[in-house]
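Chemist: Residue numbers (the UniProt record's numbering), protein chains in the order written: chain U, 1 to 294; chain B, 1 to 294.
Think of the CB as a built atom: it goes at the ideal place given N, C-alpha and C, for glycine as much as any other residue.
From a predicted model like this one, the values you see are computed outputs, not experimental measurements.
Sending over a structure as structure tokens; questions will come in a sec.
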């Protein structure tokens, strides 16, 4: 074990992922479903050790974690930093019982007005800034709660959250629309639906049940309904976030699938977004935080 | 038993309600949780008999039912009538095995474009028209899926559905916002929130997560969050349904609580809506259908 050995952790609500690092390089990876929401109070250290036990030695190894693990319901609260601020890097040293780790959790970022918060995304944004220190534009991080963040001069200036991913999940699996959903996808229906709510966001309220009725009355396919639901929600999101993309460079940070969907959506407003892999950027952001410590 | 004896049934997705009728008067009432969604195929007659057994005699008694019981997943499909049409009254005679009942189910109403459907509400609208044959205006039937219907010259002309009630349920109990919800209500926050999305419907997309962040950062009360969530959704509904209320007489048909919420919302756009009890009107509509048979 050298001073280049450390452990990077991305600990969200649903998943726990860890990487054995040597400097900037991940040499091993492990993950589990022990997300913040699945771990009982007082059991966080045990959940982490169960995953990384095999990587530990008899000297304390630095662990740097980001995400919901730093929330009030997580292992240890890492207070928010308020915008405008440098994105990522602020951390708290967390007391632990096992002496083979030296635990650190990164702070999330808050915005007083309009009230908004993020935990985890600030580290991906830090990764983007680490790769491109002169980045000036908007980072869009699609997910359950999509974040849109204005970045300039190395700082996170302001941001907003859209619950589009969670809405799609609730409506497609928990509402009457679940009866109309297929497994597949219709790319044209997706693009058309984006245009509808982008130009007339108020139409979302009546367009939803229309998906159900189109299936009942006209035998509209489940693939069309699924793609339209996604497109209607995404078009409404773009309408709400116009100040974030209009005239801006937009970089996407997410999974390949979500990046592709948002890239297609943004192409409708003439924006050619650049896509970054979310895992690569969280690692870059965790590495930047680790480097700043050493 | 006279030819004035019959049974009225309102059989929706979640509930089954029946009334023992003498002409236009309900003389007994019974209900159960055996809504259409809870009854297995082939078990509808048994579910009904379990509720009304005590009212039956040895001659067949007319039963008139409305609601989801007439859907493809219900007891027997009662085909939709397409708008424009007389609301309610169209029915199918349903084969049953027990000779003490003569079973009828009322048709729902469909609209080809924009695709939309209703089952049950057409009977409440028929009740409104039975009470006021010259009604010219809009009926708004708030519920899980709120219906807005234009009525003129005794006909249902066109209608739209907003899933506002279902969205409120999903978001307040199944999304991250559930952590921010109180049990109470803040009437001022409700009215303010309506105004926000009524004038700027695109704001709904970012206003939702804002409720969560306001609680986390500023300790906003759960009662405010709950009322604001309802108001934001209702404001967006009013924005979408503007062609249905602008310059129209609007009558509400629902429960006292929902009627009051919609009445407050409509007062923001200068509309003094008249409220009708949903149960009274479904009985009036079922009675009108029964009278037309006899």
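Hey, is the segment 92-111 of chain B in contact with the segment 58-77 of chain B, meaning 3+ C-beta pairs nearer than 8 Å?
Modeler: The answer is yes - the segment 58-77 of chain B touches the segment 92-111 of chain B, with three or more Cβ pairs under 8 Å.
Chemist: Taking 6 Å as the limit between beta carbons, can you name the residues of its chain near residue 252/U, skipping five residues before and five after?
Modeler: Cβ within range, chain order: 140, 259, 262, 273, 275.
Chemist: Which chain U residues are close to residue 117/B, counting only those with a beta carbon under 9 Å from its beta carbon?
Modeler: In chain order: 209, 212, 213, 216, 217.
Chemist: Ignore the nearest five residues each way along the sequence and tell me which others in residue 23/U's own chain have a CB closer than 6 Å to its CB.
Modeler: Only 4 meet the Cβ criterion.
Chemist: Buried or exposed for residue 185/B, please, with buried defined as at least 16 other CB atoms from any protein chain shown within 10 angstroms of its CB.
Modeler: Answer is exposed; the Cβ neighbour count stays below 16.
Chemist: Using only CA atoms, which one of 183/B, 177/B, 189/B, 194/B lies nearest to residue 215/B?
Modeler: It is 177/B.
Chemist: Can you name, in chain order, every residue of its own chain whose Cβ lies under 7 Å from the Cβ of residue 149/B, other than the five neighbours on each side?
Modeler: So the list reads 125, 138, 139, 156, 159, once near-sequence residues are dropped.
Chemist: Near residue 147/B, which residues of its chain fall below 7 Å by C-beta distance, leaving aside the five closest residues on each side in sequence?
Modeler: 118, 121, 141, 159, 161, listed in sequence order.
Chemist: What's the C-alpha gap between residue 175/B and residue 210/U?
Modeler: In a straight line, the C-alpha of residue 175/B is about 23 Å away from that of residue 210/U.
Chemist: Does residue 103/B have its Cβ less than 8 Å from a Cβ in chain U?
Modeler: Chain U contact via Cβ: absent.
Chemist: To the nearest angstrom, how far is the alpha carbon of residue 182/B from that of residue 223/B?
Modeler: Each residue's Cα considered, the two are about 5 Å apart.
Chemist: Tell me the residue span of the beta strand (DSSP E) that contains residue 18/B.
Modeler: Element bounds for residue 18/B: 16-22.
Chemist: At 3 residues or longer, what runs of the beta strand (DSSP E) sit wholly inside the segment 5-61 of chain B?
Modeler: List check, beta strand (DSSP E) in window: 5-11, 16-22, 25-32.
Chemist: By Cβ distance below 7 Å, which residues in the same chain neighbour residue 51/B in space, the five residues on each side in sequence not counted?
Modeler: These residues qualify, in order along the chain: 16, 18, 30, 32.
Chemist: Which of the three DSSP states is assigned to residue 71/B in this structure?
Modeler: Of the three classes helix, strand and coil, the one that applies to residue 71/B here is coil, per DSSP.
Chemist: Residues of the segment 182-204 of chain U with a CB closer than 8 Å to any CB of chain C: list them in chain order, please.
Modeler: The structure shown contains no chain C; its protein chains are U and B.
Chemist: Please name the residue in 25/U, 187/U, 202/U, 246/U whose C-alpha comes closest to that of residue 280/U.
Modeler: Here the closest residue by C-alpha is 25/U.
Chemist: Can you check whether the C-beta of residue 84/U is within less than 8 Å of a C-beta belonging to chain B?
Modeler: Chain B contact via Cβ: absent.
Chemist: For residue 278/B and residue 285/U, what's the separation of their Cα atoms in angstroms?
Modeler: C-alpha separation (whole angstroms): 57 Å.
Chemist: Take every Cβ of the segment 224-238 of chain U, pair it with every Cβ of the segment 189-197 of chain U, and state whether three or more of those distances are shorter than 8 Å.
Modeler: Judged by Cβ distances under 8 Å, the segment 224-238 of chain U makes contact with the segment 189-197 of chain U, as three or more pairs qualify.
Chemist: Between the segment 248-260 of chain B and chain U, which residues of the former have CB atoms less than 9 Å from a CB of the latter, in chain order?
Modeler: Going along the segment 248-260 of chain B in chain order, one finds no residue with a Cβ nearer than 9 Å to chain U.
Chemist: Counting only beta-carbon atoms, is residue 158/U nearer than 8 Å to chain B?
Modeler: No, no contact with chain B.
Chemist: Within 10 angstroms of its Cβ, does residue 179/U collect 16 or more other Cβ (buried), or is it exposed?
Modeler: Label assigned to residue 179/U: exposed.
Chemist: Whole angstroms is fine: what's the gap from residue 10/B's alpha carbon to residue 35/B's?
Modeler: Looking at the two C-alpha atoms, the distance is approximately 10 Å.
Chemist: Do you know whose CA, among 264/U, 131/U, 164/U, 49/U, lies nearest residue 188/U's CA?
Modeler: For residue 188/U, the nearest C-alpha among the options comes from 264/U.
Chemist: In chain order, what residues of the same chain have a beta carbon less than 6 Å from the beta carbon of residue 45/U, not counting five sequence neighbours either side?
Modeler: These residues qualify, in order along the chain: 96.
Chemist: Mind checking residue 93/U: buried by the 16 CB within 10 Å criterion, or exposed?
Modeler: Per the 10 Å Cβ criterion, exposed.
Chemist: Is DSSP giving residue 257/B helix, strand or coil here?
Modeler: It is helical.
Chemist: If I measure Cβ to Cβ from residue 60/U and keep anything under 8 Å in the same chain, skipping five residues before and after, which residues do I get?
Modeler: So the list reads 99, 100, 101, 102, once near-sequence residues are dropped.
Chemist: Scan the segment 114-142 of chain B and note each continuous beta strand (DSSP E) run of 3 residues or more that stays entirely inside, going in chain order.
Modeler: Qualifying beta strand (DSSP E) stretches, in chain order: 116-118, 137-141.
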